[in-house]
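If you're matching positions, the sequence shown starts at 140 in our numbering and goes up one per residue.
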Amino acid sequence: MKNSNKPAQTKMSNRKGPLIINFKNYLEISGDKALSLTKEAERVSEQTDIEIVLSPPQVLLAWLAKNTKLSVIAQHLDVQQPGPSTGFSIPEIVKDVGGAGSLINHSEHPINLNIIRDLIPRLRSLGLLSIVCAKNLAELRDISSIGPDFVAIEPPELIGTKKSISTEKPSLITDSFQHLKLEASRSQLICGAGINSSEDVRIAVQLGSKGILAASSVVKSKNWYEKIYELASQF
Ligand SMILES: O=C(CO)COP(=O)(O)O
């Protein structure tokens with residue numbers, strides 16, 4: 140392995156998945172509704188034995204983490220150190236309130252590679268999961284060389300479209316998987332963008348993705364339990 144650091148010690152188990160549900164800032168999950176979605180996800184995780192990870196807006200993270208057995212991760216982190224800074228989210232405080240890690244570099248909240256380089260070891264030393272998004276193969280190559288726990292390939296043009304990476308860009312999943320394998324990277328592959336059906340999950344997993352990152356298909360579904368179950372049942 141290029142990067143032989145130990146995996147983070149977090150609430151994540153050795154179960155299949157993860158299915159990561161990014162709540163984004165959709166009003167469908169605002170306030171108490173976030174806890175209702177969380178309880179449906181818990182039910183599916185218990186029934187399917189699939190690892191489900193939740194990524195709520197930062198203002199809901201501490202509350203949800205206290206009220207669920209599932210892992211809850213931040214949607215973004217800043218690089219500021221503990222101390223006098225205002226309006227930033229830092230790893231130490233995410234950990235302190237029960238967070239299990241963070242997505243970083245989502246295409247809706249990109250950060251530069253030097254900041255990613257600073258954050259990954261800091262997360263690891265705190266025992267927090269690092270899940271770094273990449274918008275294309277070139278970015279995935281740069282990020283995987285730093286060795287986060289997961290790299291999540293997500294072509295931005297498919298996000299929120301219901302046209303999934305699995306059906307529109309299957310070779311991007313295959314090429315990402317092959318790259319991680321060739322490099323003997325410590326990072327495992329997650330993919331997302333437009334994932335909305337059991338078939339999308341089945342194809343992605345078959346092409347080498349360990350996990351799935353999904354947002355609108357779950358959050359905007361009329362029946363959260365059914366949609367989460369549909370996605371989780373295909374790992
Ligand atoms: O950005 C995403 C997850 O982080 C994907 O969003 P959608 O599932 O809505 O396409």
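Here a beta-carbon is modelled for each residue, glycine too, at the ideal position from N, C-alpha and C.
Status (buried if at least 16 other CB within 10 Å, exposed otherwise) for residue i
i	result
ASP288	buried
THR207	buried
LYS145	Bear in mind that the predicted position of LYS145 carries a pLDDT of just 39, short of 50, making it unreliable; the figure below should be weighed with that in mind. Exposed, since its Cβ has fewer than 16 Cβ neighbours within 10 Å.
ARG263	buried
ASN244	buried
LYS366	buried
GLU185	exposed
GLN220	exposed
VAL198	exposed
SER356	buried
SER143	With a pLDDT of 36 at SER143, under the threshold of 50, the modelled position of that residue is not reliable, and the figure given next carries that caveat. Counting Cβ neighbours within 10 Å, SER143 comes out exposed, since fewer than 16 surround it.
MET140	Bear in mind that a pLDDT of 29 at MET140, under 50, signals an unreliable position, so the model cannot answer this.
PHE374	buried
GLN148	Note on GLN148: pLDDT 42, under 50, position unreliable in the model; no value is reported.
ALA371	buried
Segment limits, alpha helix (DSSP H) that includes residue i
i	result
SER210	Careful: SER210 lies outside any alpha helix (DSSP H), inside the beta strand (DSSP E) at 210-213.
GLN379	Summary: the structure shown does not reach residue 379, with the chain confined to residues 140 through 374, and so no result is reported for it.
GLN345	337-345
LEU276	276-283
ALA371	363-371
VAL358	355-358
SER315	309-321
Element boundaries [beta strand (DSSP E), containing residue i]
i	result
LEU199	LEU199 -> not in any beta strand (DSSP E); alpha helix (DSSP H) instead, spanning 197-205.
LEU158	155-161
GLN186	GLN186 -> not in any beta strand (DSSP E); alpha helix (DSSP H) instead, spanning 171-187.
VAL236	Careful: VAL236 lies outside any beta strand (DSSP E) and carries neither H nor E.
PHE289	289-292
heavy atom of ligand 1 below 7 Å from residue i C-beta
i	result
SER184	no
ASN164	no
ILE298	yes
HIS245	yes
ILE367	no
SER356	yes
ASN275	no
ALA239	no
ASN375	Nothing about residue 375 can be read from this structure; the chain reaches only from 140 to 374.
GLY331	yes
LEU279	no
LEU352	yes
ILE334	yes
Under 8 Å between C-beta atoms of residue i and residue j
i	j	result
LEU193	LEU209	yes
ALA201	SER241	no
VAL290	LEU328	yes
ILE304	PRO294	yes
LYS302	GLY331	no
GLY286	LEU158	no
Closer than 7 Å: residue i CB and nearest ligand 2 heavy atom
i	result
GLU293	Although ligand 2 was asked about, the structure shown includes only ligand 1 as ligands.
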